[in-house]
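Residue numbers (my numbering): 53 to 298. Even for Gly, the Cβ is constructed at its ideal location relative to N, Cα and C. The structure displayed is predicted, hence computed values, not measured ones.
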Ligand code: MN3
């Protein structure tokens with residue numbers, strides 16, 4: 053991220069926003085982890101990473117106000133609550149990555165499940181969108197999608213249908229299951245395919261669409277389908293093809 057963009061982002065989302073390297077979903081145990089003055093170092097604080105584009109960059113598919121609130125309030129809120137929940141786990145999750153944390157949760161770990169899921173899911177969401185996005189992948193992934201779903205259009209329809217029919221709040225996913233096969237699934241709330249023992253289909257998420265109303269309601273009101281179609285025009289297939297990096 054260029055410094056100029058960093059300053060712009062930091063200024064827009066407000067002071068106190070923590071910036072993490074792109075390679076990780078958080079700053080666990082990193083040298084630049086935030087220190088709270090007058091307290092012991094917090095070894096397991098997670099941080100939001102920079103968006104990598106401006107709030108207006110995905111417009112008109114996703115409007116700037118939705119982006120600002122979604123990134124700066126909703127996602128930031130999940131990170132703050134995740135860190136708060138971790139402080140009461142007495143070191144149980146020290147030296148554990150976010151992916152490992154989510155894979156090792158019990159269904160009753162409500163705060164970690166909702167807020168750890170929220171942090172992971174949104175990090176993936178921002179990374180897999182880009183202003184110059186495209187509904188069509190290329191190369192190996194396109195071939196694999198065609199082999200798996202019959203055609204690219206059949207994949208797009210299945211993904212969009214999973215997103216449109218998820219009742220209430222949740223996510224739809226393109227994921228790689230534990231056998232290595234591509235699959236389209238959906239999960240409620242902030243659950244995701246990493247949550248072994250909690251969700252039905254487990255594996256690694258490659259692409260996720262947030263269908264909580266906060267992701268689209270300002271611009272699309274109740275027209276979730278229009279938001280889904282717009283989202284699919286802005287997919288960063290390079291990131292999706294590289295696999296889950298969070
Ligand atoms: Mn959201």
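- Contact between residue 251 and residue 243 is confirmed by a C-beta separation of about 5 Å, below the 8 Å threshold.
- Looking at the backbone, the Cα of residue 145 and that of residue 179 are separated by about 25 Å.
- Every residue with a CB closer than 6 Å to a heavy atom of ligand 1 is listed here in chain order: 122, 126, 174, 262, 264, 266, 267.
- Assigned with DSSP and collapsed to three states, residue 163 falls in helix.
- Residues of the same chain with a CB within less than 8 Å of the CB of residue 285, apart from the 5 flanking positions on each side, are 113, 185, 186, 187 in chain order.
- Annotation: residue 111 to residue 122 spans about 14 Å, alpha carbon to alpha carbon.
- Counted as a single uninterrupted DSSP element, the beta strand (DSSP E) harbouring residue 225 occupies residues 222-229.
- Separation of residue 237 and residue 130 (C-alpha to C-alpha, rounded to the nearest whole angstrom) is 23 Å.
- The beta carbons of residue 289 and residue 181 sit no closer together than 8 Å.
- If you check the CB distance, residue 202 and residue 225 do not come in under 8 Å.
- Residue pairing by DSSP places residue 260 opposite 225 in a beta bridge.
- Counting along the chain, no alpha helix (DSSP H) covers residue 240; the unbroken beta strand (DSSP E) around it starts and ends at 234-240.
- Boundaries for residue 101: no alpha helix (DSSP H) harbours it, and the DSSP string shows neither H nor E there.
- Taking the Cα positions, residue 132 is about 18 Å away from residue 119.
- By the Cβ-count criterion, residue 291 is buried, with 16 or more other Cβ atoms from all chains shown falling within 10 Å of its own Cβ.
- Checking the DSSP bridge columns, you'll see residue 255 partnered with 229.
- Within the DSSP secondary-structure output, residue 181 pairs in a beta bridge with 287.
- In the assembly as shown, residue 142 is an exposed residue. Its beta-carbon has fewer than 16 other beta-carbons within 10 Å.
- If you draw a straight line from the Cα of residue 248 to the Cα of residue 168, it is about 14 Å long.
- For residue 198, the uninterrupted alpha helix (DSSP H) run begins and ends at 191-201, by DSSP.
- Distance from the CA atom of residue 230 to the CA atom of residue 256, rounded to whole angstroms, is 8 Å.
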